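**Student:**
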Amino acid sequence: MDGVILAGGEGTRMRPLTLSTPKPLLELQNRPILEWSLISLRGIVERVLIVVHYLKAQIADYLARQTVFADYALVEQSPRPLGTGHALLCCRERLTSDDFLVINGDDLFSRAALGALSEHDYGILAARRLDYERYGVIVKNGAGAFQAIDEKPPQGRYAAPAPCSIGGYKFRADVFDYALEKSARGEYEISDYMTAAARDHTVAVVDSPFWLPIGDPAALAAAQNADITRWIPAP
Numbered sequence: 069m070d071g072v073i074l075a076g077g078e079g080t081r082m083r084p085l086t087l088s089t090p091k092p093l094l095e096l097q098n099r100p101i102l103e104w105s106l107i108s109l110r111g112i113v114e115r116v117l118i119v120v121h122y123l124k125a126q127i128a129d130y131l132a133r134q135t136v137f138a139d140y141a142l143v144e145q146s147p148r149p150l151g152t153g154h155a156l157l158c159c160r161e162r163l164t165s166d167d168f169l170v171i172n173g174d175d176l177f178s179r180a181a182l183g184a185l186s187e188h189d190y191g192i193l194a195a196r197r198l199d200y201e202r203y204g205v206i207v208k209n210g211a212g213a214f215q216a217i218d219e220k221p222p223q224g225r226y227a228a229p230a231p232c233s234i235g236g237y238k239f240r241a242d243v244f245d246y247a248l249e250k251s252a253r254g255e256y257e258i259s260d261y262m263t264a265a266a267r268d269h270t271v272a273v274v275d276s277p278f279w280l281p282i283g284d285p286a287a288l289a290a291a292q293n294a295d296i297t298r299w300i301p302a303p
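With the working numbering as the guide, the letters of the sequence shown map in order to residues 69 to 303.
Here it is in structure tokens:
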């Protein structure tokens, strides 16, 4: 099975650290963030596609040196990034498996949760958040099945803590049969792929006991003290 790491963003919220270094290569506990992502997928997928754009040559150089995955490929998000859904669409012709995992390149997850996610045809990683208005809330139908993702809803719409999408997905290749439209942000959203797929498929919601989003310099500094190896066993 293939894995996809979305790593093409410019990391604007991480500036000035990303002015000359792509966000996936920022150091986290003596490893690039991207290396932790690769380690989290090892043994779950056999091959990884890394979606790149900003300072892509540096990422290519790192991948040529790393020893976590021998079978990998770079996919450029071109001509310019148009959202996470667009990033996934850029991988369509490079995927070699009928199903695949997708993770955000600036989030770290429990390796066990990724393994559980991989067992479903369609699925999404979730974590409960008190501050759910900052994220996409997972909405279920009357039968308790995944129905949609409500992006950044107003406070008070849901009981807190609410289950939120945290950037890990499992798809089958037929997801590309669904056509995406641009969101209000003018981008194609990967969450819209999952919402479309839910019309015809059961989408599993898998809770991750560990989620480490690394969005800005303060988050990166705090992550230096996180117990990452408890959830992503490193070699």
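Note that CB positions come from ideal geometry on N, CA and C, so glycine has one too. The structure presented is a predicted model; accordingly, all values stated were derived computationally and were not measured.
Specify, as a first and last residue, the run of the beta strand (DSSP E) that L176 falls within.
**Tutor:** As a first step, residue 176 is located in the sequence shown; it is residue number 108 there, counting from the start. Its beta strand (DSSP E) spans residues D175 to F177.
**Student:** What separation, rounded to the nearest whole angstrom, lies between the Cα atoms of L169 and V72?
**Tutor:** Stepping through the sequence shown from its first residue, residue 169 is reached at position 101. Stepping through the sequence shown from its first residue, residue 72 is reached at position 4. C-alpha separation (whole angstroms): 6 Å.
**Student:** Are the CB atoms of L193 and G236 nearer to each other than 8 Å?
**Tutor:** Taking the first residue of the sequence shown as position 1, residue 193 is located at position 125. Taking the first residue of the sequence shown as position 1, residue 236 is located at position 168. Contact flag set, yes.
**Student:** Fully enclosed by the region 208 to 232, which beta strand (DSSP E) runs are 3 residues long or longer?
**Tutor:** Runs of the beta strand (DSSP E) inside the region 208 to 232: 214 to 219.
**Student:** Could you check what DSSP says for P250 in three-state terms: helix, strand or coil?
**Tutor:** For the purposes of this step, residue 250 is identified with residue 182 of the sequence shown, where counting begins at 1. The residue you asked about is not Pro; residue 250 is Lys in the sequence shown. Coil, per DSSP.
**Student:** Is K220 buried or exposed, if buried means 16 or more other CB atoms sit within 10 Å of its CB?
**Tutor:** Residue 220 sits at position 152 when you count from the first residue of the sequence shown. By the neighbour-count rule (16 or more Cβ atoms within 10 Å), K220 is not buried but exposed.
**Student:** What does the Cβ neighbour count give for T297, buried or exposed, with the cut at 16 atoms within 10 Å?
**Tutor:** What you label residue 297 is simply residue 229 of the sequence shown in a count that begins at 1. So T297 counts as exposed.
**Student:** Could you check which residue in R196, L157, A291 and V274 has the C-alpha nearest to that of P281?
**Tutor:** In the sequence shown, counting from the first residue as 1, residue 281 sits at position 213. Checking every option, the nearest Cα to that of P281 belongs to A291.
**Student:** Kindly confirm or deny that the region 182 to 190 and the region 92 to 105 touch, where touching means at least three C-beta pairs closer than 8 Å.
**Tutor:** Flag = no, the region 182 to 190 and the region 92 to 105 do not touch.
**Student:** Just to confirm before moving on: does the CB-CB distance between G256 and G173 stay below 8 Å?
**Tutor:** Here residue 256 is taken as the residue at index 188 of the sequence shown, counted from 1. Here residue 173 is taken as the residue at index 105 of the sequence shown, counted from 1. For clarity, residue 256 is Tyr in the given sequence; the question names Gly instead. Cβ atoms of Y256 and G173: not closer than 8 Å.
**Student:** So what's I107 in DSSP terms, helix, strand or just coil?
**Tutor:** Residue numbering aside, residue 107 sits at position 39 when the sequence shown is read from its first letter. I107 falls in the helix class under three-state DSSP.
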